[in-house]
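The sequence shown begins at 437 in our numbering and counts up by one. Think of the CB as a built atom: it goes at the ideal place given N, C-alpha and C, for glycine as much as any other residue.
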Amino acid sequence: TTTTTIDSDDDNNDKDEENIDHQSNEPSNVWKYATRSRDKKFAICKICSKRISTNNWSTTCLRRHLILKHDKYELILSNEKTEATSTISPIVKENIHKLSIEAIIKDNLPFNAFMKSGLAKLMKKALPGNTKLY
Numbered sequence: 437t438t439t440t441t442i443d444s445d446d447d448n449n450d451k452d453e454e455n456i457d458h459q460s461n462e463p464s465n466v467w468k469y470a471t472r473s474r475d476k477k478f479a480i481c482k483i484c485s486k487r488i489s490t491n492n493w494s495t496t497c498l499r500r501h502l503i504l505k506h507d508k509y510e511l512i513l514s515n516e517k518t519e520a521t522s523t524i525s526p527i528v529k530e531n532i533h534k535l536s537i538e539a540i541i542k543d544n545l546p547f548n549a550f551m552k553s554g555l556a557k558l559m560k561k562a563l564p565g566n567t568k569l570y
């Protein structure tokens, strides 16, 4: 299981941690958009050439940069423990997903905002049985 918490739009904020299942030998999918610097402390974005901190091999800042600056939404990590059953159509679910991401970005919210108690309660009431939106 891989989870991440993204708390701000600061590409060099290393307070965020990414919990990685270290049994997996697969490289993170963010590396198709970046290369590691020789000193291994930074990643260089292949899209805009920005240097992004990767202290302790963390990809959180790089992932956040790619999502927020280059719209690479496919890099958002989901919590695999979340219920996977759905009672809404895939089209409605996709629209809710896109609107949720747009709200998070426009309002500068953390990516886990809809998992926090208040918004989670709203979503549970509005969309019963659909706990996994993205």
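Determine the direct distance from the alpha carbon of residue j to that of residue i, and round the result to whole angstroms.
i: G554; j: A539; result: 15 angstroms
i: R487; j: L504; result: 15 angstroms
i: A556; j: N491; result: 32 angstroms
i: I532; j: P526; result: 10 angstroms
i: L535; j: K508; result: 15 angstroms
i: E530; j: L511; result: 16 angstroms
Do residue i and residue j have their C-beta atoms closer together than 8 angstroms?
i: M559; j: F550; result: yes
i: T495; j: V528; result: no
i: I480; j: T471; result: yes
i: L563; j: I524; result: yes
Residue i and residue j look like a contact to me (Cβ under 8 angstroms); what is the Cβ gap, rounded to whole Å?
i: Y469; j: L513; result: Wrong, their Cβ atoms sit about 15 angstroms apart, outside the cutoff.
i: S485; j: K477; result: With 8 angstroms as the limit, S485 and K477 do not qualify as a contact, their Cβ atoms being about 16 angstroms apart.
Could you check what DSSP says for residue i in three-state terms: helix, strand or coil?
i: S536; result: helix
i: F478; result: strand
i: S489; result: strand
i: T471; result: strand
i: S393; result: What is shown of the chain runs 437 to 570, which leaves residue 393 out entirely.
i: F547; result: coil
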